[in-house]
């Protein structure tokens, strides 16, 4: 199972490099192409909107197709998009390349969530989710490292990320083919002998309301992370005047600490069990992270602001295993793909909102400070909605017993 999870980690890491490299290189791209931050914000929002439409159209197919072949197709599209972005010298070509990326991004995390539901026991949902989920922070750190190694050449960086993705495809295919051959019988036995469904998953008003609550809680949590992914480099490079080489070292430290915290949080969540364990690490991660992010706008010393942001990002990762393990906890396996494809729309929608608002903020104020405040506020809102969702689930939805029960 660990080999399967590590293969998923490679998949999410490389996918996130392709996705976040544009945001990391944004200060350089803006200068090179001679476009404004307000226009870039609008374009990024439009690209993300396409992801929303694609997810809505293809969500119904996620539970009926081979999930591993879909992962290979996704990574191929991402890699080709990166290569096309590298050779974009005008807005038309750039739009074409980033629109292609929009067709694949909505399904990366639902693919991994589906794999976890198929091959991992519910007692290890938190840990398993943490393993593949740290790919986002590792991938983000690697984008700064790649740019620093090629002397801030964003085009070369895009080519490197595309080649890495295409190279990993046959490795990923071989690993998954080998692993799933040995686990197929186990999965069938697990479904037939260890679990019993008391009744079918009912798409009634209670489950719909729970889904809406989880969606908006996820949206506001991801708004904060979307700011970090797409606008952190603008804050560190454009506003605080750090170099990419300096920030790369800083991101390596964040990736190491954040990965450790996330995996530890996943294990801690599993030790508590159920929805309660997942909600608890949300509190531990999001509340301090929001406070530290807000603090970075108040401090006057540049180094102190850097330290505050560092701890904010690292502590935020404590909460992230719960974003997807909650889905594994309350949604039956046969519906994970469809629900996840809708649930994951919170990411693109948060990206649209973040792109438009922060692009406008930078163009209007020549500072990203107010964007940081907005990202901090969003994390607080997320916690409040998750609290309401927890109470609703305990009082209402849990009575349906739609999740499988372990037989004695």
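Residue numbers (our numbering): 499 to 906.
Glycine included, every Cβ here is placed at the ideal spot set by N, Cα and C.
Whose C-beta lies closer than 7 Å to the C-beta of residue 776 among residues of the same chain, with five residues either side of it excluded? Locating residue 776 in the chain shown gives position 278, counting from the first residue. Contacts found: 624, 767, 820, 823, 824 and 827.
When burial is assigned at 16 or more other CB atoms within 10 Å of the CB, is residue 873 buried or exposed? Residue 873 sits at position 375 when you count from the first residue of the chain shown. Buried, because 16 or more other Cβ atoms sit within 10 Å of the Cβ of residue 873.
Please give me, in chain order, every unbroken run of the beta strand (DSSP E) with length at least 3 that falls completely inside the stretch 734–761. none
Is residue 852 closer than 8 Å to residue 642 when the C-beta atoms are compared? In the chain shown, counting from the first residue as 1, residue 642 sits at position 144. In the chain shown, counting from the first residue as 1, residue 852 sits at position 354. In this structure, residue 642 lies away from residue 852, with their beta-carbon atoms at least 8 Å apart.
Can you say whether residue 846 is buried or exposed, counting buried as having 16 or more other CB atoms within 10 angstroms of its CB? Position 348 of the chain shown holds residue 846. That one is buried.
With DSSP run on the structure shown, which of helix, strand or coil describes residue 797? Start at 1 with the first residue of the chain shown, and residue 797 comes out as number 299. Coil, per DSSP.
Do the stretch 628–637 and the stretch 743–758 touch if we need at least three Cβ pairs shorter than 8 Å? Cβ pair count under 8 Å is three or more, so yes.
For residue 587, three-class secondary structure by DSSP: For the purposes of this step, residue 587 is taken as residue 89 along the chain shown, with counting starting at 1. Here residue 587 sits in coil by DSSP.
With DSSP run on the structure shown, which of helix, strand or coil describes residue 632? Position 134 of the chain shown, counting from 1, holds the residue named residue 632. Residue state, collapsed to three classes: coil.
Put residue 553 into one of helix, strand or coil per three-state DSSP. In the chain shown, the residue the question calls residue 553 occupies position 55. Helix at residue 553.
Where does residue 676 land, buried or exposed, given buried means 16+ other C-beta within 10 angstroms? Your numbering for residue 676 matches position 178 in the chain shown. Label assigned to residue 676: exposed.
Please tell me whether residue 535 and residue 645 are closer than 8 Å, where the distance is taken between their beta carbons. Taking the first residue of the chain shown as position 1, residue 535 is located at position 37. Taking the first residue of the chain shown as position 1, residue 645 is located at position 147. No.
Going by Cα to Cα distance, which pick from 780, 809 and 709 is closest to residue 752? On the chain shown, position 254 is the one that residue 752 refers to. Nearest of 780, 809 and 709 to residue 752, Cα basis: 809.
How many angstroms separate the CA atom of residue 769 from the CA atom of residue 530? Residue mapping note: residue 769 aligns to position 271 of the chain shown, counting from 1. Residue mapping note: residue 530 aligns to position 32 of the chain shown, counting from 1. Cα to Cα, residue 769 sits roughly 50 Å from residue 530.
Taking DSSP as the reference, what is the three-state secondary structure of residue 648? If you number the chain shown from 1, residue 648 lands on position 150. Coil, per DSSP.
Scan the stretch 843–869 and note each continuous alpha helix (DSSP H) run of 4 residues or more that stays entirely inside, going in chain order. 844–863
Pick from 647, 787, 840 and 610 that is closest to residue 747, judged by C-alpha positions: Against the chain shown, residue 747 aligns to sequence position 249. Taking only the C-alpha atoms, the option nearest residue 747 is 647.
Kindly indicate which residue of 518, 557, 509 and 765 has the alpha-carbon position closest to the one of residue 667. Your numbering for residue 667 matches position 169 in the chain shown. Looking at the Cα atoms, 509 is the closest of the given residues.
Tell me the DSSP secondary structure of residue 872 in three-state form. What you label residue 872 is simply residue 374 of the chain shown in a count that begins at 1. The answer is helix: DSSP assigns residue 872 an H, G or I state.
Do you know how far the Cα of residue 848 is from the Cα of residue 541? Residue mapping note: residue 541 aligns to position 43 of the chain shown, counting from 1. Residue mapping note: residue 848 aligns to position 350 of the chain shown, counting from 1. For residue 541 and residue 848, the distance between alpha carbons rounds to 14 Å.
For residue 523, which of helix, strand or coil comes out of DSSP? Indexing the chain shown from 1 puts residue 523 at position 25. Note: residue 523 maps to coil in three-state DSSP.
C-beta contact flag for residue 543 and residue 854 at 8 Å: Taking the chain shown and counting its residues from 1, one reaches residue 543 at position 45. Taking the chain shown and counting its residues from 1, one reaches residue 854 at position 356. Yes; because the gap between Cβ atoms is below 8 Å, this pair is in contact.
Shortest alpha-carbon distance to residue 576 belongs to which of 784, 507, 603 and 891? The residue you call residue 576 lines up with position 78 of the chain shown. If we check each option's Cα against that of residue 576, 603 comes out closest.
With burial defined as no fewer than 16 other Cβ atoms inside 10 Å of the residue's Cβ, what is the status of residue 856: buried or exposed? By one-based count along the chain shown, residue 856 stands at place 358. Residue 856 should be labelled buried.
Taking Cβ to Cβ, would you say residue 640 is nearer than 8 Å to residue 515? Position 142 of the chain shown, counting from 1, holds the residue named residue 640. Position 17 of the chain shown, counting from 1, holds the residue named residue 515. In contact: residue 640 and residue 515 (Cβ atoms closer than 8 Å).
Three-way DSSP call (helix, strand, coil) for residue 541 in this model: To locate residue 541, count along the chain shown from 1; it is residue 43. If DSSP states are grouped into helix, strand and coil, residue 541 belongs with the helices.
I'd like the list of long-range same chain contacts for residue 717, defined as Cβ closer than 7 Å, with 5 residues on each side in sequence excluded. Position 219 of the chain shown, counted from the first residue, corresponds to residue 717. 844, 847 and 848, listed in sequence order.
Does residue 627 pass the burial test, meaning 16 or more other C-beta atoms within 10 Å, or should it be called exposed? The sequence position of residue 627 within the chain shown is 129, counting from 1. Counting the other Cβ atoms within 10 Å of the Cβ of residue 627 gives 16 or more, which makes it buried.
So for residue 564, helix, strand or coil by DSSP? If you number the chain shown from 1, residue 564 lands on position 66. Note: residue 564 maps to coil in three-state DSSP.
Measure the Cβ-Cβ separation of residue 655 and residue 763 and say whether it is below 8 Å. Taking the chain shown and counting its residues from 1, one reaches residue 655 at position 157. Taking the chain shown and counting its residues from 1, one reaches residue 763 at position 265. Against a cut-off of 8 Å, the Cβ pair of residue 763 and residue 655 comes out as no contact.
Buried/exposed call for residue 739, threshold 16 Cβ in 10 Å: Translated into the one-based positions of the chain shown, residue 739 becomes position 241. Residue 739 should be labelled exposed.
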